[in-house]
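> Please find one structure pasted underneath; my questions will follow.
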Amino acid sequence: MTRTPVNVTVTGAAGQIGYALLFRIASGQLLGADVPVSLRLLEIPQGLKAAEGTAMELDDCAFPLLRGIEITDDANAAFSGANVALLVGARPRTKGMERGDLLSANGGIFKPQGKAINDHAADDIKVLVVGNPANTNALIAQAAAPDVPAERFTAMTRLDHNRAISQLAAKTGAAVTDIKRLTIWGNHSATQYPDIFHAEIAGKNAAETVNDEQWLADTFIPTVAKRGAAIIEARGASSAASAANAAIDHVHTWVNGTPAGDWTSMGIPSDGSYGVPEGIISSFPVTTKDGRYEIVQGLDINDFSRARIDASVKELTEERDAVRELGLL
Ligand code: NAD
Ligand code: LMR
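Following full-length UniProt numbering, the numbering of the sequence shown begins with 1 at its first residue and continues without gaps.
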């Protein structure tokens, strides 16, 4: 195979998501079974030894597509020539901690990383922020990278999207593959709004099929929106394998396109669509093609949805204002 490897940078590589993610990237699941990859692992100094151990294990898999692994605690080196950057490294929320508390703890990480991406990444860089608070961390990184097109900075709501599909399938007895056009709106937080009004189950409208607004309001939406907290409560640690899986899905879909008749959810800089203030990084329904995404336009937003989208967007504008006050924008 003579194709030039794609440089994939993963921050927080020695963490639990990193451990679930790297083997899947190296095996070709991120970009495709014919795309060689070169990994750059960024860690803080205390994480370097564990990252070296993971790299030894990656070597031991003898992955045909893996063309190199570099491990560093220098962001400039880690993002040098990066085509895809997965910003995972952050402080995970622990029991009893609100996501808002994470803003100041994590904000400082993403500004220098955004600058390093600005100065050293490849021209086609695509960034996915996983580390929480993901939407606002993506905004901080994007603001620190004025030379990179803003739309290259995205935040992960694909885990929420996948969770919502799974819950809807369980409720209706449908296969997950029968569910299309589901949308996560807003923030990757408990205010997010999983919207089934435009979703389809085997070609039929999902909200009409369910026909149970009480289940929607009191069970479905809170179960999806608070799933991250439920996993922390049960596992004593935040979701890892499912988060890594969603990161793979997010980038794979961004690069390879959404199937005809379907869309996905991505946290992306708002262009003002659906009344979401321009600039904040909010989740929207998007289609992807040829490495680009577009917001699905023209959806009718009913009052039930409007109130919930607005509430999550309000939280995002408050997070933006808070990090602005901290001098991070
Ligand atoms: P973890 O604590 O196991 O790993 C984090 C790693 O990041 C650690 O190895 C740490 O050394 C490293 N790190 C910290 N600061 C760094 C920096 N400045 N540069 C490079 N590396 C750094 O955490 P985890 O379980 O892997 O989770 C990572 C993040 O992902 C958390 O913020 C978590 O809340 C978030 N998360 C997001 C979603 C989502 O859907 N968006 C889902 C699950 C988890
Ligand atoms: C998740 O959705 O599982 C995580 O974002 C939870 C968290 O706060 O780390």
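Note that the Cβ used here is the ideal one computed from N, Cα and C, for glycine as well.
Since Ala311 is in the beta strand (DSSP E), which residue starts that stretch and which ends it?
For the purposes of this step, residue 311 is taken as the residue at position 311 of the sequence shown. Where Ala311 is concerned, there is no enclosing beta strand (DSSP E), although the alpha helix (DSSP H) it sits in stretches over Asp303 to Glu325.
> Give the secondary structure of Phe284 by DSSP, where H, G and I count as helix, E and B as strand, and everything else as coil.
The count along the sequence shown starts at 1 and reaches residue 284 at position 284. Of the three classes helix, strand and coil, the one that applies to Phe284 here is strand, per DSSP.
> Pull up the distance between the alpha-carbon of Ala229 and that of Ser238, whole angstroms please.
Numbered from its first residue, the sequence shown carries residue 229 at position 229. Numbered from its first residue, the sequence shown carries residue 238 at position 238. Looking at the two C-alpha atoms, the distance is approximately 8 Å.
> Going by the C-beta, is Thr183 closer than 7 Å to any heavy atom of ligand 1?
On the sequence shown, residue 183 is found 183 positions in, with the first residue counted as 1. Result no, Cβ not under 7 Å from ligand 1.
> Let me know if Ile44 comes out buried or exposed under the rule of 16 or more other beta-carbons within 10 Å of its beta-carbon.
Counting from one through the sequence shown, the residue named residue 44 turns up at place 44. Exposed, because fewer than 16 other Cβ atoms sit within 10 Å of the Cβ of Ile44.
> Using the rule of at least 16 other Cβ atoms within 10 Å of the residue's Cβ for burial, across every protein chain shown, is Pro146 buried or exposed?
The residue you call residue 146 lines up with position 146 of the sequence shown. By the neighbour-count rule (16 or more Cβ atoms within 10 Å), Pro146 is not buried but exposed.
> Between the Cα of Ala78 and the Cα atoms of Gly327, Gln113, Ala202 and Trp215, which residue gives the shortest distance?
Within the sequence shown, the letter at position 78 stands for residue 78. Out of Gly327, Gln113, Ala202 and Trp215, Gln113 has the C-alpha closest to the C-alpha of Ala78.
> Taking Asn106 as the reference, which of Asn162, Asn137 and Thr183 has the closest Cα?
Here residue 106 refers to the residue found at position 106 when the sequence shown is read from its first residue. The option with the nearest alpha carbon to Asn106 is Asn137.
> Using 8 Å as the threshold, is the C-beta distance between Ser312 and Thr191 below it?
In the sequence shown, the residue the question calls residue 312 occupies position 312. In the sequence shown, the residue the question calls residue 191 occupies position 191. Yes, the Cβ-Cβ distance between Ser312 and Thr191 is below 8 Å.
> Could you spell out where the alpha helix (DSSP H) holding Lys111 opens and where it closes?
Mapped onto the sequence shown, residue 111 falls at position 111. Start and end: Leu102 to His120.
> Ile44 by DSSP, collapsed to three states: which one?
Taking the sequence shown and counting its residues from 1, the one referred to as residue 44 is at position 44. Coil at Ile44, not helix or strand.
> Please determine whether the Cβ atom of Met156 lies at a distance below 7 Å from any heavy atom of ligand 1.
Indexing the sequence shown from 1 puts residue 156 at position 156. Yes - ligand 1 has a heavy atom lying nearer than 7 Å to the Cβ of Met156.
> Cutting at 7 Å between CB atoms, please list the residues of its own chain near Gly47, excluding the five before and the five after it.
Here residue 47 is taken as the residue at index 47 of the sequence shown, counted from 1. Hits under 7 Å: Ala14.
> Of all the options Lys49, Thr72, Leu31 and Arg91, which has the alpha carbon lying nearest to the alpha carbon of Leu66?
Walking along the sequence shown from the start, residue 66 turns up at place 66. That would be Leu31, whose Cα lies nearest to the Cα of Leu66.
> Is Ser267 helix, strand or coil by DSSP?
Mapped onto the sequence shown, residue 267 falls at position 267. It is worth fixing the name first, because residue 267 is Gly in this sequence and not Ser. Reduced to three states, the DSSP call for Gly267 is strand.
> What's the call for Leu307, buried or exposed, on a 16-neighbour Cβ count within 10 Å?
Position 307 of the sequence shown, counting from 1, holds the residue named residue 307. The amino acid at residue 307 is misidentified as Leu; the sequence shows Ala. By the neighbour-count rule (16 or more Cβ atoms within 10 Å), Ala307 is not buried but exposed.
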